[in-house]
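Read the structure below first, then the notes.
Residue numbers (our numbering): 92 to 517.
Listed below in structure tokens is the structure:
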């Protein structure tokens, strides 16, 4: 089937993903603002928001069994309804414990929703169109993440209207899937993953994926807290967040193109050095050592640098593994990134509480410096991959399920070893 026909036939999945990402993107920013306004410390906000990734990891584990028992569509409908309902509970409680429970529920729900959606796309794609389907999916994710921030202009975070908007967006994701006449795909339970053998082959790639969560996710989760502390109004925060999220989309393609041409370790080192320099500039601007107008462009470049670490690191892992190992490794990277996404906001949140708002850009910046030092060390130890042995760079947001990550792994394998049919088709 031609690529455009596959995209048309799977439009309910793409439409559902757009609504979900719009809602989830708005929700993360809204909770950071709301938490600040009701008096939570940055440490509390970081810890509460980070528990989403506990739920997300748990959701990745239990969802296959749920799908096997009741099917894709029932799982999608049930968990989307649960996520939509959980959002509304925030409006009636200011308890950090209750917020933590809600974040875990949301994480489980979104893990299940993404697995169902991405399984649908994976089942609909072939070796001839998987790259285009994956690219379309990535565009939807990046654009919706950016657009979700702009919904902040629709209400006051102190009130309940924006929570209703989030709930409505998540609920709307149910409509196209529920009305689709296309049959749900068959689902294969993922194989058990052996972590240690994979880690030994590509330690830097796995470390980079962890640090991607520690830096990039943390930066986006705590940016609303920083913005409230700076006295920004809702419109300014919406613009600020949209700029930070868009940076990840804008930086992906040029950095990916360069990393396919020269040694990825050098590209990763330059990206990390850039992240450190721009984070340092943003921190100095926050401390008023540099003029304030340095902050936004520096934060844009810092965000763009950190949000590309995952894609480069995942490519490094794919470069180092055998074909049979890539798909399992892709699933492992999601869990490792989730661990970094859990630890990072807690660490930086406590640092902001203890040392002030300058810790917001400075701690991720120094994390980039540490990762750069590890990268340079591994380069001297001979981790460089010959160009002919490298897989293709795939621009990935770091918040996917293992299904989309596996799709990317399969695509990398196909690009590295095209079949005769691929060659004739192209």
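Glycine included, C-beta positions come from ideal geometry on N, C-alpha and C.
Beta-carbon spacing of residue i, residue j below 8 angstroms
i: residue 441; j: residue 395; result: no
i: residue 261; j: residue 178; result: yes
i: residue 463; j: residue 367; result: yes
i: residue 430; j: residue 304; result: yes
i: residue 318; j: residue 331; result: yes
i: residue 456; j: residue 374; result: yes
i: residue 259; j: residue 112; result: no
i: residue 434; j: residue 315; result: no
i: residue 380; j: residue 362; result: no
i: residue 243; j: residue 325; result: yes
i: residue 121; j: residue 253; result: yes
i: residue 334; j: residue 391; result: yes
i: residue 249; j: residue 128; result: yes
i: residue 141; j: residue 166; result: no
i: residue 240; j: residue 107; result: no
i: residue 104; j: residue 158; result: no
i: residue 289; j: residue 426; result: no
i: residue 432; j: residue 144; result: yes
i: residue 452; j: residue 393; result: yes
i: residue 168; j: residue 271; result: no
i: residue 364; j: residue 385; result: no
i: residue 146; j: residue 224; result: no
i: residue 454; j: residue 300; result: no
i: residue 184; j: residue 251; result: no
i: residue 109; j: residue 235; result: yes
i: residue 376; j: residue 383; result: yes
i: residue 187; j: residue 131; result: yes
i: residue 458; j: residue 302; result: yes
Extent of the continuous alpha helix (DSSP H) to which residue i belongs
i: residue 204; result: 187 to 215
i: residue 351; result: 325 to 352
i: residue 129; result: Premise fails: residue 129 is in no alpha helix (DSSP H) and is neither H nor E.
i: residue 462; result: 450 to 471
i: residue 264; result: No alpha helix (DSSP H) contains residue 264, which DSSP labels as neither H nor E.
i: residue 168; result: 163 to 180
i: residue 310; result: 309 to 320
i: residue 377; result: 355 to 377
i: residue 247; result: No alpha helix (DSSP H) contains residue 247, which DSSP labels as neither H nor E.
i: residue 408; result: 400 to 411
i: residue 390; result: 386 to 397
i: residue 289; result: 286 to 292
Short CB-CB distance (under 8 angstroms) between residue i and chain C
i: residue 308; result: Reference to chain C is not applicable here, since this structure consists of a single protein chain.
Nearest-angstrom beta carbon gap, residue j and residue i [assumed within contact, 8 angstroms]
i: residue 174; j: residue 148; result: Actually they do not touch by this definition, with Cβ atoms about 16 angstroms apart.
i: residue 439; j: residue 313; result: 6 angstroms
i: residue 237; j: residue 336; result: 5 angstroms
i: residue 387; j: residue 355; result: That belief does not hold up - the Cβ atoms of residue 387 and residue 355 are roughly 29 angstroms apart, past 8 angstroms.
i: residue 114; j: residue 257; result: 5 angstroms
i: residue 228; j: residue 245; result: Not quite, the Cβ-Cβ distance comes to about 26 angstroms (not below 8 angstroms), so this is no contact.
i: residue 32; j: residue 126; result: The structure shown has nothing for residue 32, since the chain only spans 92 to 517.
i: residue 180; j: residue 170; result: With 8 angstroms as the limit, residue 180 and residue 170 do not qualify as a contact, their Cβ atoms being about 16 angstroms apart.
Do three or more CB pairs link the region 436 to 454 to the region 285 to 300 at distances below 8 angstroms? no
Contact between the region 187 to 201 and the region 163 to 174 (3+ Cβ pairs under 8 angstroms): yes
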